[in-house]
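Line order of the protein sequences matches chains L and Y. So for the first sequence, this note's numbering puts the first residue at 32; every next one is plus one. So for the second sequence, this note's numbering puts the first residue at 203; every next one is plus one. This report concerns only the one structure given below.
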Amino acid sequence: MIARFTHAVTGLGAVGPLGAGAAHLDALLEPASAASGVRARELPAGPPGAQRAALCDFPLEPLVPADERAQRLMSPAAKLAAIAVREARGAIPRAAAGERLAMYFGAGSSGDLGDDAAAVVKASLEDGAFSAAAFGRRGLRQLHPLRTFVLLTNFTMCHPAMLEGARGPNGVFFSRGSGTALALLEAAYELADGACDHALVGGADTAASPLTLRELARDGWLRRGLVPGEGAAALALRRADENVRHAGAPAHATGRDGDGAHAADVDDPRAPAHPTDDLVTPPLAYLTAIAIGRRAAHLPPGLGRDEVAPEPRDAALDDELASLLPGADLVLRMACQPDADALAALTRRAGGARGLELGPQLGDALAAAPALAWAVAVRAIARGHARRVVVVSRGLDHTWCAVAFARAREAA
Amino acid sequence: MTRARRAVITGVGCASGLGLGWRAFVDGLRAGRCAVAPLTLFDASALPCSVGAETPVPLGAAEHEAWWRAGRPAVRAAALRRLLDARALRDRKLLFAVLAAAEAWADAGLAADAEDEAGTALCLGVGVETALFADLAHYLDDSEPSAAPRLDWRRDPELPLPAYRARGAIEWMGDAVVDALGLAGPVALHASACAAGALAVAHAAAMIRRGQCRRALAGAADSMLNPGGVGGMATLGATSPRAAPDACRPFDRRRDGIAIGEGGALFVLEDEALARARGATILAAVVGWGSTQDAHRPSAPEPSGAAAAAAMRAALARAGLAPEELGYLNAHGTGTALNDVAEARAIRAVFGRHAERLPVSSIKGACGHLMAASGAIELAAALVALREGFLPGTCHLDALDEECPIFALGPAGAATTIRYAQSNSFGFGGQNASVILEAP
Numbered sequence: 032m033i034a035r036f037t038h039a040v041t042g043l044g045a046v047g048p049l050g051a052g053a054a055h056l057d058a059l060l061e062p063a064s065a066a067s068g069v070r071a072r073e074l075p076a077g078p079p080g081a082q083r084a085a086l087c088d089f090p091l092e093p094l095v096p097a098d099e100r101a102q103r104l105m106s107p108a109a110k111l112a113a114i115a116v117r118e119a120r121g122a123i124p125r126a127a128a129g130e131r132l133a134m135y136f137g138a139g140s141s142g143d144l145g146d147d148a149a150a151v152v153k154a155s156l157e158d159g160a161f162s163a164a165a166f167g168r169r170g171l172r173q174l175h176p177l178r179t180f181v182l183l184t185n186f187t188m189c190h191p192a193m194l195e196g197a198r199g200p201n202g203v204f205f206s207r208g209s210g211t212a213l214a215l216l217e218a219a220y221e222l223a224d225g226a227c228d229h230a231l232v233g234g235a236d237t238a239a240s241p242l243t244l245r246e247l248a249r250d251g252w253l254r255r256g257l258v259p260g261e262g263a264a265a266l267a268l269r270r271a272d273e274n275v276r277h278a279g280a281p282a283h284a285t286g287r288d289g290d291g292a293h294a295a296d297v298d299d300p301r302a303p304a305h306p307t308d309d310l311v312t313p314p315l316a317y318l319t320a321i322a323i324g325r326r327a328a329h330l331p332p333g334l335g336r337d338e339v340a341p342e343p344r345d346a347a348l349d350d351e352l353a354s355l356l357p358g359a360d361l362v363l364r365m366a367c368q369p370d371a372d373a374l375a376a377l378t379r380r381a382g383g384a385r386g387l388e389l390g391p392q393l394g395d396a397l398a399a400a401p402a403l404a405w406a407v408a409v410r411a412i413a414r415g416h417a418r419r420v421v422v423v424s425r426g427l428d429h430t431w432c433a434v435a436f437a438r439a440r441e442a443a
Numbered sequence: 203m204t205r206a207r208r209a210v211i212t213g214v215g216c217a218s219g220l221g222l223g224w225r226a227f228v229d230g231l232r233a234g235r236c237a238v239a240p241l242t243l244f245d246a247s248a249l250p251c252s253v254g255a256e257t258p259v260p261l262g263a264a265e266h267e268a269w270w271r272a273g274r275p276a277v278r279a280a281a282l283r284r285l286l287d288a289r290a291l292r293d294r295k296l297l298f299a300v301l302a303a304a305e306a307w308a309d310a311g312l313a314a315d316a317e318d319e320a321g322t323a324l325c326l327g328v329g330v331e332t333a334l335f336a337d338l339a340h341y342l343d344d345s346e347p348s349a350a351p352r353l354d355w356r357r358d359p360e361l362p363l364p365a366y367r368a369r370g371a372i373e374w375m376g377d378a379v380v381d382a383l384g385l386a387g388p389v390a391l392h393a394s395a396c397a398a399g400a401l402a403v404a405h406a407a408a409m410i411r412r413g414q415c416r417r418a419l420a421g422a423a424d425s426m427l428n429p430g431g432v433g434g435m436a437t438l439g440a441t442s443p444r445a446a447p448d449a450c451r452p453f454d455r456r457r458d459g460i461a462i463g464e465g466g467a468l469f470v471l472e473d474e475a476l477a478r479a480r481g482a483t484i485l486a487a488v489v490g491w492g493s494t495q496d497a498h499r500p501s502a503p504e505p506s507g508a509a510a511a512a513a514m515r516a517a518l519a520r521a522g523l524a525p526e527e528l529g530y531l532n533a534h535g536t537g538t539a540l541n542d543v544a545e546a547r548a549i550r551a552v553f554g555r556h557a558e559r560l561p562v563s564s565i566k567g568a569c570g571h572l573m574a575a576s577g578a579i580e581l582a583a584a585l586v587a588l589r590e591g592f593l594p595g596t597c598h599l600d601a602l603d604e605e606c607p608i609f610a611l612g613p614a615g616a617a618t619t620i621r622y623a624q625s626n627s628f629g630f631g632g633q634n635a636s637v638i639l640e641a642p
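In structure tokens form, the structure reads like this:
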């Protein structure tokens, strides 16, 4: 089912292997990509030997808009989310009421048992095996008292919500890809329904935690070519009619072009970088359509089958996803192996559109993967690389998603 | 003029410390039973918290399999075989999810192995991943006595399931339910701590109202009754320090923390037109819902209850109800010092003078805090209030805290008939959800 909207993307934030700040994603759009997200490295889990991974090779902590004490409660994904959301939040007027600011996020398992896990296990052994009684007597003392807060999946969104004062409608969807698409869909519907004025939506995750890497190895994903990634991206959304209605919108944000208003040129010096009043930020792009589909039910490895494998084709779903492709001049693909080839075949239906596979540069950042691809799409439009971009993604959770962004509004 | 689509409940399934199934849940609440008792699932004697509300299921492998095969007609036979082979149903979260889903499916009059032509969506609340320390022990490397121990993740890197599970992957719950019932629609896993179950039901109702699907299975299941779960909550200071059946005393002036429970509740929601066309019995309509965030602190609710009140008001507004029309409120009512006061303030703010006669209760004293599933099992308690002619009481509420000036029902509950019931769920991290049901 395709849901159509006319929402303005007014802000963008991203952090990933290319750097902190959405502008770093521009490297992916250059004809000869200067991006070098994927490197060979030793990873702390998975099959021994060099692994390819696309990770953030810079300290996150100085970038997180929270003090050291608060950061102790934050998982790596929560830190990534906080960085991306702070950047996207800059596009929302400071005067906007927190009660009218929605937040929807896709988040994965934190995977962060912490440095204390080994000490907990060691202190809980009796005769070489874990003992609940020994855990109670000794192991528990090794556990950081606030560890549970770090493990809670929803804190990936709740920390940025606290930092940005987002008190409106919200949801956290567990994601290996699909949940993040659902977060975008829910945010879009809530905006359309008038339940909020602005929405911050995105995803944050890391595949680099030892626990997650170990599971990706166990389930056969690494062997089949998945490149672990990490990052976060957030979009600030607002209903397009609201953007146009506000008299304060700069002229270049509301000019006419065919069937709708123009998006702003992100490099236009007239565009306010960090609005602090209630002027409406000119849109960087418009979110125009979302299609989400799931192929036949699958059990994960170990629950009924041995390991991951390419999914059977579903012609009806392919047709639905492909129906968003006509008119696109750029198609971005974000797919985990082993379905990258199927995704490429699907997106060839876009005809002469330029195609770009993001996985080799950004890796698979699980819950963050689709959001990072959407951020690339918005940058492509805002930088004038394309007028209509469709992002097609496939997550580890069997869900396929197509999202269309445009420079001009499209009829819903 | 086209009438807006309404989401109605046509089936319900429950698992809690009060027993397996809807009837056990109703009977337990009616009798004022308390399921909190010393933990037997593992040796908790040395933990700061050693009581909880365990859900009674067979534990032995052979007994477990026979039990499944005997009484779960809604579960597809091939799927049951796969789940049993993989030992998946010995993961208590999965077990409760599949149990409640199967009961709800059958209660709605839907057959096993039927083609899911409605493309049933699954909206499922999920909790925190379970740290399985017993499996982690395999990776412990303390070969250097002078160094801190570490986990050597490169040891046996492709050891398969079920031999290796360092954590109970929470997304498997969705896969197991989809496989058990053959669902063909979209899957949404809500990871919103204690608000997850309520948000999952709200999401399903929204999807039906928007026309995204015509039928959905929604709710949540969870179990934190394992060493890491109980120990983790205890170190947070969330659990009552008293190892007694009345460990959880919502709104009581002597309250001192939660008791952990386990289980789940799932509901079949349908577009009312679809339900009526197939002659289904309508149990209730989901008419209102709202969500907000405290945006306050990770470890404590916003003390004024302002954001919680906003969620309740949003639910009332969506239902088109004046506060005075509400007949019963099932509170989140954790039995912690801070939560109950903040919730009581929110109730007063929303209902004003009506709060003095609006019956409010919390079932956490009876079946514990089901964590991610609390919103689902407590919405089932709201459904009890609509269907069964009585309002569940608040176990162990003997002396109402004057800082909680609400009309809280005591352990006996109340016999009455109402039309609208509301259920609150407030999660760690400050996510608030509120859902309103209407009697058919």
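Where is the CB? At the ideal position from N, CA and C, for every residue including glycine.
If distances are taken between C-alpha atoms only, which option among L324(Y), T257(Y) and L243(Y) comes closest to G570(Y)?
Residue numbering aside, residue 570(Y) sits at position 368 when the second sequence is read from its first letter. Taking only the C-alpha atoms, the option nearest G570(Y) is T257(Y).
Taking 7 Å as the CB-CB cut-off, is Y189(L) touching chain Y?
For the purposes of this step, residue 189(L) is taken as the residue at position 158 of the first sequence. Position check: residue 189(L) holds Cys in this sequence, whereas Tyr was assumed. Cβ-Cβ to chain Y under 7 Å: yes for C189(L).
Please name the residues in the segment 323 to 341 of chain Y whose beta-carbon is closer than 7 Å to at least one beta-carbon of chain L, in chain order.
Within the segment 323 to 341 of chain Y, the qualifying residues are V328, V330, E331, A333, F335, A336, L338 and A339.
Cutoff 6 Å; reference I372(Y); Cβ partners in own chain excluding five residues on either side
Reading the second sequence from its first residue, position 170 is the one you call residue 372(Y). Counting only Cβ-Cβ distances below 6 Å, and skipping sequence neighbours, we find V328 and E331.
Between which two residues does the beta strand (DSSP E) containing R269(L) stretch?
For the purposes of this step, residue 269(L) is taken as residue 238 along the first sequence, with counting starting at 1. Counting along the chain, the beta strand (DSSP E) containing R269(L) begins and ends at E261 to R270.
Would you mind sorting F89(L) into buried or exposed? The rule is 16 or more other CB atoms within 10 Å of its CB.
To locate residue 89(L), count along the first sequence from 1; it is residue 58. Flag for F89(L) reads exposed.
Rounded to whole angstroms, what's the CA-CA distance from L231(Y) to G481(Y)? Just pull it up for me.
Here the question's residue 231(Y) lines up with position 29 in the second sequence. Here the question's residue 481(Y) lines up with position 279 in the second sequence. The straight-line gap from Cα to Cα measures roughly 29 Å.
Is F219(L) near G137(L), with beta carbons less than 7 Å apart?
One-based indexing of the first sequence puts residue 219(L) at position 188. One-based indexing of the first sequence puts residue 137(L) at position 106. The question names Phe, but residue 219(L) in the sequence shown is Ala. Contact: no.
Establish whether the CB of Q495(Y) and some CB of chain L are separated by less than 7 Å.
Position 293 of the second sequence holds residue 495(Y). So, interface residue.
Ordered along the chain, which non-local residues of its own chain (more than five positions away) have a Cβ less than 8 Å from that of L528(Y)?
Position 326 of the second sequence holds residue 528(Y). L518, F553, H556, L560, Y622, A623, Q624 and I638, listed in sequence order.
Top-ranked residue by Cα proximity to A467(Y), from V586(Y), T596(Y), P452(Y) and A248(Y)
Walking along the second sequence from the start, residue 467(Y) turns up at place 265. Taking the Cα of A467(Y) as reference, the smallest distance to any Cα among V586(Y), T596(Y), P452(Y) and A248(Y) is reached at V586(Y).
Take G490(Y) as the anchor and find which of A539(Y), T441(Y) and R411(Y) has the nearest alpha-carbon.
Looking up residue 490(Y) in the second sequence gives position 288. A check of alpha carbon separations from G490(Y) across A539(Y), T441(Y) and R411(Y) identifies R411(Y) as the nearest.
With 9 Å as the limit, tell me which residues of the segment 225 to 247 of chain L have their beta carbon closer than that to any beta carbon of chain Y; keep them in chain order.
So the list reads A226, P241, L242, L244, R245 and E246, given in the order they occur along the chain.
If you check the beta carbons only, do A408(L) and V422(L) fall under 7 Å apart?
Residue numbering aside, residue 408(L) sits at position 377 when the first sequence is read from its first letter. Residue numbering aside, residue 422(L) sits at position 391 when the first sequence is read from its first letter. Their beta carbons are under 7 Å apart, which means A408(L) touches V422(L) by this criterion.
Nearest to A411(L) by CA position, among A398(L), V362(L), A376(L) and V151(L), is which residue?
Residue 411(L) sits at position 380 when you count from the first residue of the first sequence. Closest by C-alpha distance to A411(L), out of A398(L), V362(L), A376(L) and V151(L), is V362(L).
Per DSSP, H392(Y) is paired with what?
Counting from 1 along the second sequence, the entry for residue 392(Y) is found at position 190. Answer by DSSP bridge pairing, in chain order: F204(L) and G327(Y).
Looking at chain Y, is there any beta carbon in it that lies within less than 7 Å of the beta carbon of A39(L)?
Taking the first sequence and counting its residues from 1, the one referred to as residue 39(L) is at position 8. No, because no Cβ of chain Y sits closer than 7 Å to the Cβ of A39(L).
What does I323(L) reach in chain Y if we use C-beta pairs closer than 8 Å?
In the first sequence, residue 323(L) corresponds to position 292, counting from 1. Within chain Y, the C-beta atoms nearer than 8 Å to that of I323(L) come from P388, in chain order.
How would you label T242(Y), buried or exposed, when you count the other beta carbons within 10 angstroms and need 16 or more for buried?
Along the second sequence, read from residue 1 onward, the residue named residue 242(Y) stands at position 40. Burial state of T242(Y) is exposed, judged by a 10 Å Cβ sphere holding fewer than 16 other Cβ atoms.
Starting from the beta carbon of T437(Y), find every residue of chain L whose beta carbon is closer than 7 Å, and list them in chain order.
Mapped onto the second sequence, residue 437(Y) falls at position 235. The contacting residues are L171, L174 and P176.
Taking DSSP as the reference, what is the three-state secondary structure of P240(Y)?
Indexing the second sequence from 1 puts residue 240(Y) at position 38. P240(Y): strand per DSSP, three-state reduction.
Starting from S354(L), find everything on chain Y with Cβ-Cβ shorter than 9 Å and list it in chain order.
Numbered from 1 along the first sequence, position 323 holds the residue referred to as residue 354(L). Against S354(L), chain Y offers no close residue; the least beta-carbon distance is about 17 Å (beta-carbon pairs closer than 9 Å).
Report buried or exposed for L391(Y), applying the criterion of at least 16 other Cβ atoms within 10 angstroms of its Cβ.
In the second sequence, residue 391(Y) corresponds to position 189, counting from 1. Its Cβ being crowded by 16 or more others within 10 Å, L391(Y) is buried.
Name the DSSP bridge partner or partners of W491(Y)?
Mapped onto the second sequence, residue 491(Y) falls at position 289. Beta-bridge pairing links W491(Y) to V637(Y).
DSSP three-state assignment for E558(Y), whether helix, strand or coil:
As a working mapping, residue 558(Y) is identified with position 356 in the second sequence. Look at E558(Y) here: in three-state DSSP terms it is helix.
Can you pull out the residues from the segment 242 to 264 of chain Y whose beta carbon lies closer than 8 Å to at least one beta carbon of chain L?
So the list reads F244, D245, A246, S247, A248, L249 and P250, given in the order they occur along the chain.
DSSP bridge partner residues for C432(L) (one or two, in chain order):
The residue given as residue 432(L) occupies position 401 in the first sequence. Paired residues: I323(L) and S424(L).
Assigned secondary structure, H598(Y) (DSSP; H/G/I helix, E/B strand, else coil):
What you label residue 598(Y) is simply residue 396 of the second sequence in a count that begins at 1. Coil at H598(Y), not helix or strand.
Are there 16 or more other CB atoms within 10 angstroms of the CB of D448(Y), so buried, or fewer, so exposed?
Locating residue 448(Y) in the second sequence gives position 246, where the first residue counts as 1. Residue burial is scored here from C-beta neighbours: D448(Y) has at least 16 other C-beta atoms within 10 angstroms and is therefore classed as buried.
Would you list, in sequence order, the uninterrupted alpha helix (DSSP H) runs of no fewer than 4 residues that lie entirely inside the segment 508 to 573 of chain Y?
The qualifying runs are 508 to 521, 539 to 553 and 566 to 569.
Which residues of the segment 550 to 571 of chain Y have a Cβ closer than 9 Å to any Cβ of chain L? Give them in chain order.
Residues passing the 9 Å Cβ filter: none.
Selection of the segment 518 to 529 of chain Y by Cβ proximity to chain L, strictly under 8 Å:
Taking 8 Å as the Cβ-Cβ cut-off against chain L, none of the residues of the segment 518 to 529 of chain Y qualify.
The alpha helix (DSSP H) spanning E195(L) covers which residue range?
On the first sequence, residue 195(L) is found 164 positions in, with the first residue counted as 1. Note, E195(L): alpha helix (DSSP H), F186 to E195.
Taking the continuous beta strand (DSSP E) assigned at G433(Y), which residues delimit it?
One-based indexing of the second sequence puts residue 433(Y) at position 231. That residue, G433(Y), is in no beta strand (DSSP E); its alpha helix (DSSP H) goes P429 to L438.
Counting only C-beta atoms, is P401(L) closer than 7 Å to chain Y at any point?
Locating residue 401(L) in the first sequence gives position 370, where the first residue counts as 1. Not a single C-beta of chain Y is nearer than 7 Å to the C-beta of P401(L).
With the cut-off set at 7 Å, would you say V355(L) and A400(L) are in Cβ contact?
In the first sequence, counting from the first residue as 1, residue 355(L) sits at position 324. In the first sequence, counting from the first residue as 1, residue 400(L) sits at position 369. Val is not the amino acid found at residue 355(L); the sequence shown has Leu there. In terms of Cβ geometry, L355(L) and A400(L) do not form a close pair [threshold 7 Å].
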